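Chemist: In this text, residue positions in the sequence shown follow UniProt numbering: the first is 1, and each later residue adds one. For each residue, glycine too, the CB sits at the ideal point set by N, CA and C. Note that the coordinates shown come from a computational prediction; the quantities given were computed from them, not determined experimentally.
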Amino acid sequence: MSKLLYCFVLCFLLSVNCFSAVIITDSLGRMPIGKSMSMLRSDKEIQFRDVLHSTKFEAIKTDIPNLGTEANGIWLKFDMNNRSNQNHFLLELAYPILDEVEIYIPDAAGNYTRKVLGESIPFKQRSYQYPNFILDINQPANTTYTYYIRVKSSEQIILPVYINVPIPLWEELDKQSIISGIYIGIVLIMGIYNLFLFFSVKDKGYVYYAIYVFLAGLTQIGIKGYTYKYLWPDLPYFESKSIVLFASLCAIAALFFARDFLQIKNNYPRINTFIKILVFTFVVSILLIFLNKDQAGFLLMQLATTVFLLSVFFISWFVMRKGYSPAKFFFIAWSALLAGSIIFLLKDTGILPYNNITSSSAQAASAIEMALLSFGLANRINIMKQEKDQSRLAALRIAKENSQIIKQQNVILEQKVKERTEELEQKNDTLNVAMNDLQEAQMQLVESEKMASLGQLTAGIAHEINNPINFVTGNIGPLKRDVGALLETIDMLETFSQDDSSKEEKARKIRQFKEDVDFDYLKTEISHLLKGIHEGASRTAEIVKSLRIFSRLDEDDIKQANLNEGLDSTLIIVNNMLNKINVIKEYDDLPLVNCYPGKLNQVFLNVISNGIYAIGEKFKEEEGGELKIITKLDHNQVLISISDNGTGMSAETKRKMFDPFYTTKDVGQGTGLGMSIAFNTIQKHDGNIQVDTEMGIGTTFNIILPIHELE
């Protein structure tokens, strides 16, 4: 019983560790050998000498094994028993995107020769210039050799390994090349055609689509190895990154195209945010591969691609359900791509057989998708054109309706315009009458202001002239008396001269008479009286001169005038108002200024009068009031500064002081036009008037006038 059990266990162990050899017969064409291989995985790098003696190889149960990803590489071995009459065969690894491939080929003495292939080797160094890895095997008939293969890749490792005789292999590769060539032609045609459409219709959706088509084409033919063969055969580093790079860029372009085609950005903000997250994920996968994290970048890209394919499928279905008709084409196209991708994945997992149909399913689905998406774009353009035509027809219909309405309204409007015109003409006549009345009232007010100034002028002149005239008339009486005394003295001298008295007697009488009439005092008094009369007459002449300088209010001609004289004449006019006010004059030597002298004198009168009024309001009859007038020459300008230490002005008064009819004086003391006229006069002189004031402190008016001729 124990011997029977021992034999059973031994047979079981032998069955576990024994693998079927690849049997080569004369009928060999192209034979997959996946089930005849065994594999060895390890968590560290293993040297070939260790692999030769390893007992940890595991059987592979599928013709096309999908070994996933492995950072340290995977070792494979198979036994080949040549029972044919041939001794030359071709070993083919039909998966062009493996990074490293090492094949150890034995000879009759049991020694191994190492052959190195893979994307890490420049394409031109290959023995056979085909995308698939092809190697010569020379094994004599009726022999059994053991072969070892080591593969390593940052992408998923799928191993369709074949033993071939040359002719069937070349025929098969030609078929694959034709299929890929047709696909490349479709990509180029669709991409270039849609670029031309973009330049015609200016729809950016065509640009997104063309970019997506080119990137999808690069991705698909890159998986087949044709990009490495034809585009960058001397760039193995770039080839090792290209699959993840173009797959990620293709997905990004597809997302942008889907967002534009399905109008997601404006209508579905949450979906738009989700698309941005997917785009960011693909960007991260690209960054990872260029940071030499190839496997991490591939896994992230693979995961994001799965989410991307399913998400876009459901998004297109959702938008289609919302009633957007172009989404039907997108949904069908994406369904075709998804179906092709599923077939391609099922082939990799061994559920579906590995053949030309399943291995080309992704390309076929991609081509179908491109065509359907192109139809969808055309349909969208047609819909947009129809909508535009409908909109144009609707606009035309509305325009006709509006035209009819406008015609009807024009009739009503013309009647209303006529009525309104008559009403406006009546109101215009009324306004013209009111305007004429207003202008007449304004002229009367201006004349009133002038008369007020003239009245102030008359009162001032009357007061000023009255003093020297009184002085003259007061001296006339005493002078008449003294002249009478002189005449009496002359008569007495004439009498004394005709007397017969002696000279001594005559002299005595004359002395006695002079003492009686106080002749010396009489001479002194007459001289004093004449001097007083002279001063009164001179003062009167000065006042008349000032009156002549000041009283030019209605002159309309520009003249050259001395502004200092104008200020002095104004002070003489208001002299009777000064009372106890201290006047300080600081005059610069000014040139003659082109101006309207009388109008400027009225400005000076208004400003000085307001200053005197403000001082009177503050100091009443007390001393302390001060009026300061300064003139300066500043380049081509004259500055007249008139300051008082009166009551000052509030901010509101300062803001309104130049408004017509605005006054703070009691009724009857001002018209409110003085400062308005002053402001307009300074403006007429191309000048400027500035006011600095502070309540309770005083006010300063700065008048700036140009010296040049006025326009």
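Quick check on DSSP: helix, strand or coil for Y324?
Modeler: The sequence position of residue 324 within the sequence shown is 324, counting from 1. Coil, per DSSP.
Chemist: Can we say the stretch 318-331 touches the stretch 301-308, given the rule of at least three CB pairs closer than 8 Å?
Modeler: no
Chemist: Spell out the partners DSSP gives S38 in its beta bridges.
Modeler: Locating residue 38 in the sequence shown gives position 38, where the first residue counts as 1. A59 and K77.
Chemist: If we ignore side chains and look at the alpha-carbon of each, how far apart do P597 and T631 end up?
Modeler: The sequence position of residue 597 within the sequence shown is 597, counting from 1. The sequence position of residue 631 within the sequence shown is 631, counting from 1. Taking the straight line from one Cα to the other gives about 16 Å.
Chemist: Who are the near neighbours of I343 in its chain, counting only those whose CB is closer than 7 Å to its CB and skipping five residues on each side?
Modeler: Residue 343 sits at position 343 when you count from the first residue of the sequence shown. The answer, listed in chain order, is L352, T358 and S361.
Chemist: Output the boundary residues of the alpha helix (DSSP H) element that contains Y112.
Modeler: Residue numbering aside, residue 112 sits at position 112 when the sequence shown is read from its first letter. Element bounds for Y112: not the alpha helix (DSSP H) but the beta strand (DSSP E), Y112 to L117.
Chemist: Just mark M435 as buried or exposed, buried being the case when its beta carbon has 16 or more other beta carbons within 10 Å.
Modeler: As a first step, residue 435 must be located in the sequence shown, where it is residue number 435. Exposed.
Chemist: Roughly how many angstroms separate the alpha carbons of residue 714 and D686, rounded to a whole number?
Modeler: An answer regarding residue 714 cannot be provided, because it is not within the stretch 1 to 711 covered by the chain.
Chemist: Does the Cβ-Cβ distance between E100 and S120 come in under 8 Å?
Modeler: By one-based count along the sequence shown, residue 100 stands at place 100. By one-based count along the sequence shown, residue 120 stands at place 120. Against a cut-off of 8 Å, the Cβ pair of S120 and E100 comes out as a contact.
Chemist: When you compare only the Cα positions, how much space is there between I639 and K620?
Modeler: The residue you call residue 639 lines up with position 639 of the sequence shown. The residue you call residue 620 lines up with position 620 of the sequence shown. It should be pointed out that residue 639 corresponds to Leu in this sequence rather than to Ile. Cα to Cα, L639 sits roughly 30 Å from K620.
Chemist: V691 lies in the beta strand (DSSP E); which residues open and close that run?
Modeler: Sequence index remark: in the sequence shown, residue 691 carries index 691 (1-based). Where V691 is concerned, the enclosing beta strand (DSSP E) stretches over N688 to E694.
Chemist: Please list, in chain order, all residues of the same chain as L567 whose beta carbon is under 8 Å from its beta carbon, the five residues on each side excluded.
Modeler: Counting from one through the sequence shown, the residue named residue 567 turns up at place 567. Taken in chain order, the residues that qualify are K585, Y587, F604, I629, T631 and I640.
Chemist: Please determine if the stretch 201-216 and the stretch 254-268 are in contact, where contact requires at least 3 C-beta pairs separated by less than 8 Å.
Modeler: yes
Chemist: Select from E565, I677, S248 and N564 the residue whose C-alpha is nearest the C-alpha of K599.
Modeler: On the sequence shown, residue 599 is found 599 positions in, with the first residue counted as 1. Put simply, of E565, I677, S248 and N564 the residue whose alpha carbon is nearest the alpha carbon of K599 is I677.
Chemist: What residues match up with Y104 in a beta bridge as DSSP calls it?
Modeler: For the purposes of this step, residue 104 is taken as the residue at position 104 of the sequence shown. Y104 pairs with R114 and Y148.
Chemist: Measuring straight from C-alpha to C-alpha, what distance separates K407 and V213?
Modeler: One-based indexing of the sequence shown puts residue 407 at position 407. One-based indexing of the sequence shown puts residue 213 at position 213. Rounded to the nearest angstrom, the two C-alpha atoms are 56 Å apart.
Chemist: Could you tell me whether the stretch 151-167 touches the stretch 290-304, using the rule of 3 or more Cβ pairs below 8 Å?
Modeler: yes
Chemist: Under DSSP, the beta strand (DSSP E) around I608 begins and ends at which residues?
Modeler: The sequence position of residue 608 within the sequence shown is 608, counting from 1. Per DSSP, I608 belongs to no beta strand (DSSP E); it is in the alpha helix (DSSP H), P597 to F619.
Chemist: Name, in chain order, the residues that DSSP records as bridge partners for E626.
Modeler: Working through the sequence shown from its first residue, we reach residue 626 at position 626. Answer is N582.
Chemist: Relative to the C-alpha of Y147, which residue among I682, L393 and N82 is closest?
Modeler: Taking the first residue of the sequence shown as position 1, residue 147 is located at position 147. Of the listed residues, the one whose Cα sits closest to Y147 is N82.
Chemist: Bridge partners for Y162 per DSSP, in chain order?
Modeler: Here residue 162 is taken as the residue at index 162 of the sequence shown, counted from 1. The partner list for Y162 (beta bridge, DSSP) reads P32 and E92.
Chemist: Based on the DSSP secondary-structure assignment, which residues constitute the bridge partners of K632?
Modeler: Counted from its first residue, the sequence shown places residue 632 at position 632. Its beta-bridge partners are L639.
Chemist: CA-CA distance, K202 and D389?
Modeler: Indexing the sequence shown from 1 puts residue 202 at position 202. Indexing the sequence shown from 1 puts residue 389 at position 389. Rounded to the nearest angstrom, the two C-alpha atoms are 18 Å apart.
Chemist: Are the stretch 564-582 and the stretch 608-627 touching, with three or more C-beta to C-beta distances below 8 Å?
Modeler: yes
Chemist: Thinking C-alpha only, which one of I252, L287 and N138 is nearest F274?
Modeler: The residue you call residue 274 lines up with position 274 of the sequence shown. Nearest option by C-alpha distance: I252.
Chemist: Please confirm if the stretch 130-147 is in contact with the stretch 98-114, defined as three or more CB-CB distances below 8 Å between the two stretches.
Modeler: yes
Chemist: Closer than 7 Å by C-beta to N138: which residues in its own chain qualify, once you throw out the five before and the five after it? Chain order, please.
Modeler: As a working note, residue 138 is residue 138 in the sequence shown. Counting only Cβ-Cβ distances below 7 Å, and skipping sequence neighbours, we find N87 and H88.
Chemist: Spatial neighbours of M577 within its chain, please: CB distance less than 7 Å, with the 5 preceding and 5 following residues excluded, ordered by chain position.
Modeler: Within the sequence shown, the letter at position 577 stands for residue 577. I612, listed in sequence order.
Chemist: My assumption, with CB atoms under 8 Å, is that P32 sits in contact with I64. Please give the rounded CB distance.
Modeler: One-based indexing of the sequence shown puts residue 32 at position 32. One-based indexing of the sequence shown puts residue 64 at position 64. With 8 Å as the limit, P32 and I64 qualify as a contact, their Cβ atoms being about 7 Å apart.
Chemist: Rounded to whole angstroms, what's the CA-CA distance from S285 to S325? Just pull it up for me.
Modeler: As a position in the sequence shown, residue 285 is number 285, starting the count at 1. As a position in the sequence shown, residue 325 is number 325, starting the count at 1. Their backbone Cα atoms lie some 34 Å apart in a straight line.
Chemist: Here's the rule I'm using: 16 or more other beta-carbon atoms within 10 Å means buried, otherwise exposed. How should G696 be labelled?
Modeler: On the sequence shown, residue 696 is found 696 positions in, with the first residue counted as 1. Flag for G696 reads exposed.
Chemist: Take F48 as the anchor and find which of I510, W75 and E565 has the nearest alpha-carbon.
Modeler: Position 48 of the sequence shown, counted from the start, is the residue given in the question as residue 48. Here the closest residue by C-alpha is W75.
Chemist: Quick check: the Cα distance between I167 and D174, rounded to an integer number of angstroms?
Modeler: As a working note, residue 167 is residue 167 in the sequence shown. As a working note, residue 174 is residue 174 in the sequence shown. Looking at the two C-alpha atoms, the distance is approximately 11 Å.
Chemist: Quick one: grab the DSSP three-state call for Q125.
Modeler: Counting from one through the sequence shown, the residue named residue 125 turns up at place 125. Reduced to three states, the DSSP call for Q125 is helix.
Chemist: Within 10 angstroms of its Cβ, does Q220 collect 16 or more other Cβ (buried), or is it exposed?
Modeler: Working through the sequence shown from its first residue, we reach residue 220 at position 220. Answer is buried; the Cβ neighbour count reaches 16.
Chemist: For the alpha helix (DSSP H) that contains N267, what are its first and last residues?
Modeler: Here residue 267 refers to the residue found at position 267 of the sequence shown. Going by DSSP, N267 is part of the alpha helix (DSSP H) stretching over I264 to N267.
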